[in-house]
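Beneath this line is the structure, given in structure tokens, with notes to follow.
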Amino acid sequence: MGMGKKKAAAPAPPAPPPGPRFQNNTAARQAAAQQHAAPPATYGSQAAPPMMQPSGGGGMGMMGTMASSMAGSMAGSMIGHSLSGMMSGGAPAAQPAAAQQPTPAQAWAQSPQYGAPPSTVDPCMMQHKEFMMCMSSTGDNLDQCRHLFDAFKSCNLQNGKRNLAAHARDVSQSPQLGYTRIKLLPPVAELPPVTGYEVDRRATGMGSACPFAAHDPHGTSPLPLLFQTEAPLFSEQECQAIIDEGTAHIRGGGAGSGFTLADTNRNLAVASLPLTLAWLNNVGMPRVAALAGKCFGEWAIGPAKDLLIYRALVVQYEYAAGLTHQKVHRDGALVTCVVPLNDMSEYTGGGTYMESLGSAVVLPRGHALMQASALRHAGHAIESGQRWVLVLFIIAEQMKYGEHVRYFKARAQRAADEGDDETELRCLVLARALCDDQDHELLYDQAVAAHERHELPQALALYERARALEWRDPRVHTNLAVVRQQLGMAPETAPAMVPGHAAASSASGHVAPTRSAQTMRSETTRDGAPEAATRGLAPLERQAALKNGLHGESTRDGAPDAAAPLQCLEERLGPTSGTLLGTLEAGARPRAHGLYL
Ligand SMILES: O=C(O)CCC(=O)C(=O)O
Ligand SMILES: [Fe+2]
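Going by the UniProt record's numbering, the sequence shown opens with residue 1, and the numbers climb by one from there.
Pasting the structure below:
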């Protein structure tokens with residue numbers, strides 16, 4: 001269930017436009033459910049990045065030109081400094097490579113990767129342009145141009161500061177909701193052993209701003225972003241007590257959590273379960289925080305003792321009630337911990353589907369799955385019975401640089417809900433800049449907004465770029481087909497071949513043993529056939545790696561992606577594109593779980 005005002009549904013157009021309409025449309029809901037269950041299409045080669053519109057004499061193209069002049073180069077370096085300063089937020093950036101390498105914001109400001117960006121790319125463009133012109137015309141006389149530089153700087157600052165304020169609000173809300181600070185961490189020796197998975201870092205969509213890559217922000221190697229314990233973190237009794245309180249709460253007609261994605265499962269806020277809350281504060285969270293520290297390390301998530309619960313949920317899936325899953329999403333936190341509360345024998349299917357693995361991780365009761373919240377994942381559909389999980393959305397007291405991306409995104413989503421297109425665009429563009437344009441959801445959101453305004457060529461270019469970044473998101477394919485139809489283009493019978501995260505990582509080449517069927521299940525296609533290629537990377541013996549402070553070399557699980565069969569769009573989405581477009585609605589913007597409460 002999304003919070004915040006929803007945009008009014010658009011009047012029915014001749015061809016379905018995109019927009020946040022899944023919630024109100026049964027056919028579209030079914031499509032969404034199928035999309036969740038459907039595997040990603042696998043494509044083979046690279047699509048050309050979209051040509052961005054020229055900026056009409058301003059924007060970064062102009063910045064590039066001017067920065068190469070004597071006047072511009074001085075102004076350019078001041079601007080880079082201004083942008084990176086505004087985003088650091090006083091938090092220790094601790095990114096050694098950043099000294100030689102440009103920050104993401106600088107890189108964006110200085111070298112547009114996809115040709116001249118649209119005039120909308122720089123939300124502070126006017127201020128920037130005026131400053132550059134002043135510097136150029138005064139022979140770099142900063143005194144004369146200082147007021148313009150200050151205006152430019154404060155435009156950027158305002159944007160970054162609001163994220164810091166939002167983070168400070170999240171930190172202060174945590175105790176208001178009843179989550180207390182950690183008093184004492186258990187010794188690491190008391191924690192269960194942990195297995196880690198190395199995941200293609202692009203799956204975070206955070207680019208070089210990814211806090212989990214702070215030691216190597218511009219590297220390309222996979223990162224250990226996903227962990228599972230090999231023994232229970234919580235006992236059977238602890239798990240059962242949570243289920244019992246949750247069951248009583250549901251029977252008593254207790255309200256749900258108010259969280260997003262609650263229409264396909266039951267979400268209860270732990271804050272509304274007093275016994276669970278007290279246990280979590282005193283016992284559960286200290287254990288989880290110590291585990292997070294062991295998995296990710298202080299350098300990535302800060303001191304374990306300073307981790308906070310942003311929100312905590314008890315989630316129930318009940319097959320008989322049609323509450324079977326959560327669709328693919330990112331969580332609105334830094335790290336997420338999911339603990340299955342009931343026995344695996346009580347349901348079939350289920351588990352946490354990790355898009356970057358192409359599989360669901362199904363863990364025994366009380367075991368913990370710890371992941372970077374930015375990894376796209378889902379509550380994999382159960383096929384019978386009930387599944388209960390405890391979900392903790394965890395933030396660090398000190399906001400990490402990369403967190404600007406999700407705060408901008410949250411602001412963009414709120415603005416979209418309120419119909420404030422200008423703010424939405426500004427925040428999306430800033431988020432795109434900060435993550436080196438690596439988050440396909442941002443491009444998709446921007447494309448949907450353009451699509452809604454009937455700016456079809458721009459929407460097409462943005463969808464194509466989104467697809468080039470992440471071909472596994474069916475909404476992008478759907479909307480791309482819609483916009484192509486609206487532009488009078490032929491359906492893509494031989495779809496553009498695009499690279500995927502895993503396809504690129506297949507170059508690393510090692511083939512690893514397959515995970516046991518008990519703990520890893522493959523995502524299935526609509527008709528139930530197992531997915532052709534599993535893109536999981538094999539688990540590492542994280543304990544040893546953590547002890548040595550090393551991230552071991554990754555191995556791969558399953559067949560190389562290059563060998564996966566090519567699936568065309570029609571194969572994925574239906575037999576004829578004509579029928580398809582008549583029945584499928586374009587998808588809503590993705591919503592991070594935990595952003596709207
Ligand atoms: O059910 C699961 O394993 C995942 C739950 C989840 O992703 C969430 O609640 O945000
Ligand atoms: Fe989630």
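Ideal Cβ positions, reconstructed from N, Cα and C, are used throughout, including at glycine. All values derive from a computational prediction rather than experimental measurement.
Quick one: using the 10 Å Cβ neighbour count with 16 as the cut-off for buried, is residue i buried or exposed?
i: His454; result: exposed
i: Asn282; result: exposed
i: Glu464; result: buried
i: Lys183; result: exposed
i: Ala209; result: buried
i: Gly549; result: Summary for Gly549: the model assigns pLDDT 24, below 50, so the residue's position carries little reliability; its value from the coordinates is reported in the next sentence. Gly549 should be labelled exposed.
i: Met60; result: Its pLDDT being 29, under 50, Met60 is placed unreliably in this model, and the coordinates cannot settle the point.
i: Ala415; result: buried
Do you know offhand how far residue i's Cα is from residue j's?
i: Tyr347; j: Gly219; result: 41 Å
i: Pro211; j: Pro474; result: 28 Å
i: Ser384; j: Val391; result: 21 Å
i: Pro364; j: Asn342; result: 8 Å
i: Gln485; j: Pro491; result: 7 Å
i: Arg202; j: Ala374; result: 10 Å
i: Val379; j: Gln316; result: First, the residue type needs correcting, since residue 379 is Gly and not Val in the sequence shown. Each residue's Cα considered, the two are about 10 Å apart.
i: Phe408; j: Gln446; result: 13 Å
i: Met344; j: Ala412; result: 39 Å
i: Ser69; j: Leu157; result: Note that Ser69 has pLDDT 35, beneath the 50 cutoff, so the model's placement of it is unreliable and the number below is only indicative. When rounded, the distance between both Cα atoms is 26 Å.
i: Val389; j: Pro457; result: 43 Å
i: His189; j: Ala166; result: Strictly speaking, residue 189 in this sequence is Ala, with His absent from that position. Approximately 36 Å between the Cα atoms of the pair.
i: Gly351; j: Leu142; result: 59 Å
i: residue 602; j: Ala241; result: Residue 602 is absent from the structure shown; the chain starts at 1 and stops at 597.
i: Gly349; j: Lys161; result: 44 Å
i: Asp557; j: Lys129; result: Annotation note: pLDDT 24 at Asp557 (below 50); position unreliable, coordinate value reported separately. Asp557 and Lys129: Cα-Cα distance of roughly 50 Å.
i: Lys305; j: Pro187; result: 12 Å
i: Glu245; j: Ala368; result: 20 Å
i: Leu164; j: Cys435; result: 17 Å
i: Pro193; j: Val476; result: 39 Å
i: Arg169; j: Met489; result: 47 Å
i: Leu487; j: Trp471; result: 22 Å
i: Gly332; j: Thr493; result: 37 Å
i: Asp200; j: Leu191; result: 27 Å
i: Tyr401; j: Pro217; result: 12 Å
Out of the options, which has the shortest C-alpha to C-alpha gap to residue i?
i: Ala449; options: Ala290, Gly419 and Phe234; result: Gly419
i: residue 598; options: Ala213, Ala320 and Thr229; result: The shown model of the chain, from 1 to 597, leaves out residue 598, and the question about it has no answer.
i: Pro340; options: Ser235, Gly253, Leu308 and Ser359; result: Ser235
i: Gly302; options: Thr180, Leu334 and Leu233; result: Leu334
i: Pro232; options: Leu487, Ala378, Met370 and Leu157; result: Met370
i: residue 598; options: Ile182, Phe296 and Arg162; result: Residue 598 is absent from the structure shown; the chain starts at 1 and stops at 597.
i: Ala320; options: Thr264, Val338 and Gly358; result: Thr264
i: Leu460; options: Glu470, Leu469 and Tyr444; result: Tyr444
i: Ser272; options: Ala292, Thr423, Ala312 and Arg169; result: Ala312
i: Ala360; options: Gln326, Pro274 and Ser172; result: Gln326
i: Tyr353; options: Gly366, Gly332, Thr324 and Ser345; result: Thr324
i: Gln127; options: Asp436, Ser154 and Asp143; result: Ser154
i: Arg287; options: Glu318, Cys337, Ile242 and Leu142; result: Cys337
i: Thr204; options: Ala292, Leu277, Gln438 and Ala290; result: Gln438
i: Ala433; options: Gly207, Gly349 and Lys161; result: Gly207
i: Pro224; options: His249, Thr195 and Thr247; result: Thr195
i: Gly366; options: Met489, Cys435, Gly284 and His451; result: Gly284
i: Gly322; options: Val314, Ile382, Thr478 and Gln237; result: Ile382
i: His215; options: Ala300, Thr276, Glu424 and Met133; result: Ala300
Only counting the same chain, and skipping five residues up and downstream in sequence, which positions put a Cβ closer than 7 Å to that of residue i?
i: Phe131; result: Ala75, Cys145, Leu148, Phe149 and Phe152
i: Ser174; result: Leu308, Ile309 and Tyr310
If you drop the 5 nearest sequence neighbours on each side, which residues of the same chain put their C-beta closer than 6 Å to that of residue i?
i: Arg376; result: Val328, Arg330 and Glu355
i: Tyr179; result: Ile309
i: Ala431; result: Val405, Phe408, Lys409 and Leu442
i: Asn159; result: Leu430
i: Arg387; result: Tyr317, Tyr347 and Gly350
CB-CB under 8 Å to residue i, same chain, minus the five flanking residues each way: which ones, in chain order?
i: Val171; result: Leu308, Ile395 and Glu397
Residue i CB to nearest chain C CB: under 8 Å?
i: Leu341; result: The chain inventory of the structure shown lacks chain C, comprising one protein chain alone.
Exercise for the section: Mind listing which residues have their beta carbon within less than 6 Å of any non-hydrogen atom of ligand 4? Chain order is fine. Expected result: For ligand 4, the structure offers nothing, since it holds only ligand 1 and ligand 2.
Problem - alpha helix (DSSP H) runs wholly inside the UniProt domain "Fe2OG dioxygenase" (308-396), at least 4 long, in chain order - result: Uninterrupted alpha helix (DSSP H) stretches at least 4 residues long and entirely within the UniProt domain "Fe2OG dioxygenase" (308-396) do not occur.
Problem - Whole runs of the beta strand (DSSP E) within the stretch 396-456, excluding any shorter than 3 residues - result: Entirely contained in the stretch 396-456, not one beta strand (DSSP E) run reaches 3 residues.
Handout entry: Ranges of the beta strand (DSSP E) found wholly within the stretch 203-256, counting only runs of at least 3
Key = At a cut-off of 3 residues, the continuous stretches assigned as beta strand (DSSP E) that sit fully inside the stretch 203-256 are 223-229.
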